[in-house]
Every structure is written in structure tokens, then in C-alpha cells.
Amino acid sequence: MSGMELTVSYPPSKFASDNDLSNESVIQKYKLAADVVNTVLEQILTKVAPGISVNDLCQYGDDLITAYTKDQYKSSERGVALPTCVTVNNLIQYHSPLADADYNLRPGDIVKIELGAHVDGYIATSAHTTVINVNPSQPITGPAADVVCATYFAMEAAARMLKPGVKTSEITRVISEIAAYYRCKPVQGTFSSPMKRFVLRAGKDIENGFPEDLLMKDLEKSDFEIEANQVYQLNVVLTTGDGKVKSSDKKTNVYQRDVRNSYQLKMKSARLAYSQINEKYTVFPFSARALSGSQARLGLSSLLTHNLITPYPVMRSSTNSDMVAQFKATVLVTADGQLRTTLPQQLPFVHSQYCIPQPTMAANVLSSAPINEHKKPKSMPNVEVVFGERRAEVEDVEMEMD
1 MSGMELTVSY
11 PPSKFASDND
21 LSNESVIQKY
31 KLAADVVNTV
41 LEQILTKVAP
51 GISVNDLCQY
61 GDDLITAYTK
71 DQYKSSERGV
81 ALPTCVTVNN
91 LIQYHSPLAD
101 ADYNLRPGDI
111 VKIELGAHVD
121 GYIATSAHTT
131 VINVNPSQPI
141 TGPAADVVCA
151 TYFAMEAAAR
161 MLKPGVKTSE
171 ITRVISEIAA
181 YYRCKPVQGT
191 FSSPMKRFVL
201 RAGKDIENGF
211 PEDLLMKDLE
221 KSDFEIEANQ
231 VYQLNVVLTT
241 GDGKVKSSDK
251 KTNVYQRDVR
261 NSYQLKMKSA
271 RLAYSQINEK
281 YTVFPFSARA
291 LSGSQARLGL
301 SSLLTHNLIT
311 PYPVMRSSTN
321 SDMVAQFKAT
331 VLVTADGQLR
341 TTLPQQLPFV
351 HSQYCIPQPT
361 MAANVLSSAP
371 INEHKKPKSM
381 PNVEVVFGER
391 RAEVEDVEME
401 MD
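Per the UniProt record's numbering, the very first residue in the sequence shown carries number 1; after that it's consecutive.
Given below as C-alpha cells:
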């Protein structure tokens, strides 16, 4: 979905060296961030069940990221790079509700979990889709199975194609081709993007689908080739619907500071919110849930008014019966090949009536060798995070005027 493209202001030579994938220390920090994301996503998935609170799952994910990163590179920034989002059924990304607008999971829900962590600004993001199966011994079938299969295979194909010299239009074409085989469509406005140190969206996007009114001259103008020494977050989002998106009735709770703008804030709540954002999240997206106290959250509206933060709204597909799936991985494209740092999780037990026919471009891509994957560490440090622990709300709201 739409996001803010941030730029980091420091000398070009340092920016280049900080993002040089031939530097082993840079690679190591990407791997450390990925270890956190892989571990946290796996732990969240163990909690997914009927009746479980989405708010609790999101809080649990963010708490785990904070706990696992707090002892790494203590003199550097680290922690949440994308707040944990649990987005259900036909909703599309960035659903991270507060307790007063919670949702409890139900049998049959298609559940998308997305999150990100960083170590010294080096980012790992991931997303996985599962389905709450009321009868685990039998596979999920029907549209939910179709969209899970389509999205998973499309993401795997995109990862294999992420090589220097490959045109991004070819990647988009294969994603769209696989979606069509499973009677699905790419979700409008969703894309993959390159990342840099401290920058979640650091260049041209790889769209999941082509606009219906796209002209060949416009495609040629926007097309580009994958290059070595790049890090990508591959984000594939497909739907059983028509691919079009609408605003949902879910309140926006994920925001990102816009470093390009400034304003002399007058409201105490706005100053409090802005101070917490700068201290804890700097340039990364954050959840309103992460702000301490109701007064700080009250200040978000003033920050929005003065364009100091950018919202990440929760969109939905065209109809309530649509199903949406998402798979995301972080891939490093180096001179020596590709390295997937955020790893695939256990897939839900699904069976689609459709398949990818032979011989097709998509089938050829998927029959090629999978890309190298970062090896999981033998163990992660023990952390004390309690699932479902609700924090006491700080009632600190004061009447004030801007």
C-alpha cells in the first residue's frame, strides 16, 4: 500500500558504504534483524486460534521484537521497523487495532501477519498468511485455498526472478499470470520495494499488477532492471476479488514520521506524541498503541493536521466475501547471488482445485532452483514476554486547544 518514501540526509559516500552488501558487517546486521523477525513471526503463529485477540497478537509481536533487539548493538538504534499487523479476511495490510476496537479471531478467518525489525537501521520485514481451520485433519478448500496458493507461489516465483538484469515488468507479469491461474488478481496499490539503511521504501517499486489502463509507453518509462547490491522487501498481495480497493471502517493506527516537514507545535499532547515518536521510532512506522498514555495518542490528530506524520490506512477489497492473502520476504541481491533472510513459515493445510499449467513462464520459473536462505540460528536468547498481558491505561487527557 502507499507509504512515504524517506530519504536519509548524510554524505553520499557514507550512505554508499552503509549500504554496501560486500561489507560483511552490513550483511551481519541484516541477518540479525531477520533472526528476530523469523523468531517472532513463528511465535505469533503459535498463538493464532479462534477467540484470540488481534490486539494481543500485535502487542505480543512488538514486545518480542523489542525484547530480542534490546541487547544487540546497544549504542545503536534498534527495534520495531514495522509494527506487528494482523489483518483478516478482505482487509489489506496495516491492521494493528487498539484494545477498544479489537477483533477476536474466528474459525475460517484468513489471517495475514506482517512485521519488521531493524538492527542499527538495517531492516528485515516479513508477512505470512494462515487460515483458522476448524478441522485441522482436513485441508481448507475453496477461495481461501486458491488465494493462499496463488500468493505463495507468486512470491516464490518473484524471489527466484530477483536477479541483476531482470526487468521488473517481467516479475509483475509472472505474479499476475500466477494469480490468474488461481482465479485471483493482484491487489491495486500493493508492491515490493528496495530498502536501505533506515529507509523502508528506497527507490522504484515493483508492482504486483499492471493498471488496467496502462499504455506501453508508460510501462517502458516506469520499467527498470534489478541491480546487484540491493535489498528488497518482496511483498505479494492477491485477492479472490476484482483487485480494486476501498476504504475500510477500521481506524488507522499505523503512522510514520515525515522527516521532510516541521512545525512549532502548541498542544501539549501533540508535543508529547512527537517527542515519543522521535525518541522511539525516528524514521520508522509505529503503532498508536506504542505511545505511552492516552494524551500522547490524542496528539496524533494535530501531527496529522500539520503533516508531521503519514497515516497507513487499512484498506479493504471490493466486497466482504473477497479473500486477501499476503506473503512477504526480505531478499539481499549481492554480486554472489540472492540471499533470503526472512524465511518461509509453516503453510496452512490448503488444497486448491487449480494449478499452474506446463509449459508456462510461471512454471519454468518455479521449476528453477530456489534462492539461498539465511540459516536459522541454533538458538535465540530467552526473553520474558507474556502473551495477552494488558497494560494499565494512563488516563492523562487534559482539555487543550491548538
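For each residue, glycine too, the CB sits at the ideal point set by N, CA and C. Fair warning: this is a prediction, and the values are worked out from it, not measured in the lab.
| Check | Outcome |
| --- | --- |
| Buried or exposed, going by whether 16 or more other CB atoms sit within 10 Å of the CB of E279? | exposed |
| Whose CA, out of D109, S262, S292, D258, lies closest to the CA of T273? | Before going further, note that residue 273 is Ala rather than Thr in the sequence given. Out of D109, S262, S292, D258, S292 has the C-alpha closest to the C-alpha of A273. |
| Taking DSSP as the reference, what is the three-state secondary structure of M4? | Residue placement at M4 cannot be trusted, given a pLDDT of 42 that sits under 50; what the coordinates show is reported in the next sentence. Three-state result, M4: coil. |
| Just how far apart, CA to CA, sit S287 and L162? | 31 Å |
| With a threshold of 7 Å, establish whether the CB of K74 neighbours any heavy atom of the ligand MN. | Inclusion of the ligand MN in the displayed structure is not the case, the ligand content being empty and no account of it being possible. |
| Give every residue of the same chain whose Cβ lies closer than 7 Å to the Cβ of Q276, excluding the five residues on either side of it in the sequence, and list them in chain order. | L291, S292, A296 |
| If N133 sits next to D102, beta carbons under 8 Å apart, how far is it from one beta carbon to the other, in whole angstroms? | Between D102 and N133 the Cβ distance is about 22 Å, and since that is not below 8 Å, they are no contact. |
| In the UniProt domain "Peptidase M24" (29-182), which residue ranges form an unbroken beta strand (DSSP E) of at least 3 residues, counting only runs that do not cross its ends? | 78-88, 110-119, 122-131 |
| Would you give the residue range spanned by the alpha helix (DSSP H) that L272 belongs to? | 268-280 |
| What residues are listed by DSSP as bridge partners for R316? | L91, K246 |
| On a CA-only basis, which of D205, R197, A363 is nearest S169? Give me that one, please. | D205 |
| Spell out a yes or no on whether the segment 361-372 and the segment 37-57 are touching, meaning 3 or more CB-CB pairs, one atom from each, closer than 8 Å. | no |
| Within 10 angstroms of its Cβ, does T7 collect 16 or more other Cβ (buried), or is it exposed? | Because T7 sits at a pLDDT of 45, beneath the cut-off of 50, its placement in the model cannot be relied upon, and the following sentence gives the value as read from the coordinates. Classification of T7: exposed, given that the 10 Å Cβ count is below 16. |
| Specify the secondary structure class of M399 as computed by DSSP and reduced to three states. | Residue placement at M399 is flagged as unreliable, the pLDDT there being 48, under the threshold of 50; the coordinate-derived value follows with that caveat. It is coil, neither helix nor strand. |
| Applying the 10 Å Cβ sphere with the 16-neighbour rule, what's the burial state of V36? | buried |
| Spell out a yes or no on whether the segment 369-384 and the segment 173-191 are touching, meaning 3 or more CB-CB pairs, one atom from each, closer than 8 Å. | no |
| Going by C-alpha to C-alpha distance, which of P348, S76, T360 sits closest to Q138? | P348 |
| Starting from the Cα of T305, find the closest Cα among K266, N19, T46, I175 and give me that residue. | K266 |
| Closest to Y354 by C-alpha separation, out of C149, A202, E225, N320, would be which residue? | C149 |
| Beta carbon of I44, beta carbon of Y68: below 8 Å? | no |
| Is it true that the segment 103-120 meets the segment 307-316, where meeting means three or more beta-carbon pairs spaced less than 8 Å apart? | no |
| Between G203 and P136, what straight-line distance do the alpha-carbon atoms span, to the nearest angstrom? | 42 Å |
| With C-beta atoms as the reference, is L343 less than 8 Å away from L21? | no |
| Below 6 Å CB to CB, which residues in the same chain sit around K246 once its five sequence neighbours on both sides are set aside? | R316 |
| With a CB to CB cut of under 7 Å and the five nearest residues on each side skipped, what residues in its chain are close to T130? | L45, V48, V111, P348 |
| Give me, in chain order, the residues of the same chain whose beta-carbon lies closer than 6 Å to that of T39; leave out the 5 immediate sequence neighbours on both sides. | M380 |
| Could you check where the beta strand (DSSP E) with T334 kicks off and where it finishes? | 324-334 |
| When we look at the beta-carbon of A16 and count the other beta-carbons within 10 Å, is it buried (16 or more) or exposed? | exposed |
| As a quick exercise: from E42, Y255, A117, L64, pick the residue whose alpha carbon is nearest that of G388. | L64 |
| Considering only residues of the same chain and omitting the five flanking positions on each side of N253, which have a CB-CB separation below 7 Å? | S96, P97, L98, S287, A288, R289 |
| Are S126 and T330 close, meaning C-beta to C-beta below 8 Å? | yes |
| Rounded to whole angstroms, what's the CA-CA distance from G3 to P50? Just pull it up for me. | With a pLDDT of only 41 at G3, under the threshold of 50, the placement of this residue in the model should not be trusted, and no figure is reported. |
| Measuring alpha carbon to alpha carbon, tell me which of Q230, T87, E212, S321 ends up nearest F327. | T87 |
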